[in-house]
Ligand code: S3P
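In this note's numbering, the protein residues as written are 39 to 215.
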């Protein structure tokens, strides 16, 4: 028998694709709680993601991120916005798939640079941002392909993107998977 999937709406995607911004609009539109795994990691650690990477390392961050994801998936149906690297762990991917309906946001490389160029909060983009984005994008592009829906956010407004996701999520719920 097919395993029943959860009702969370989970946003995945590379850094700068707009997961947090779109997630906030969706949470309001759907009257659902919003959980942002990056914010929860920072809350739990009591410091910023940059500090975690610098003082405890990426592996520690990934462990914390996994715990936060598991907690979010075990709570009431929510909009869950995730960090771009959450898909690097196979167990996370499996749990995300089972937990609900998954939307991957994408954006063109130059658009990502425009959006991220004045933001220094992402440790993996330190140094030559263009080079880091190219390196990570080529490594990770396939990792987001398991999503139920992929939305290119380049040249689209947040309202348009949220509306598109909203309609398809309602259809997913109506299927009672
Ligand atoms: C990361 C993405 C970040 C944050 C951390 C690592 C990544 O989240 O989790 O800096 O590995 O792609 P955003 O995707 O929200 O920027």
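All C-beta atoms, glycine included, are put in the ideal place defined by N, C-alpha and C.
Asked: Could you give the first and the last residue of the continuous beta strand (DSSP E) run that contains residue 166?; Found: Taken as a continuous stretch (DSSP letters only), residue 166 belongs to no beta strand (DSSP E), as it is neither H nor E.
Asked: Given the structure, does residue 121 come close to the ligand S3P, in the sense that its CB is under 7 angstroms from one of the ligand's heavy atoms?; Found: yes
Asked: Report whether the distance from the Cβ of residue 77 to the nearest heavy atom of the ligand S3P is below 7 angstroms.; Found: no
Asked: To the nearest angstrom, how far is the alpha carbon of residue 185 from that of residue 175?; Found: 17 angstroms
Asked: Give the secondary structure of residue 172 by DSSP, where H, G and I count as helix, E and B as strand, and everything else as coil.; Found: helix
Asked: May I ask you to check if the CB of residue 53 is nearer than 7 angstroms to at least one heavy atom of the ligand S3P?; Found: yes
Asked: What's the C-alpha gap between residue 196 and residue 101?; Found: 31 angstroms
Asked: Which residues mark the beginning and the end of the beta strand (DSSP E) in which residue 47 is found?; Found: 46 to 51
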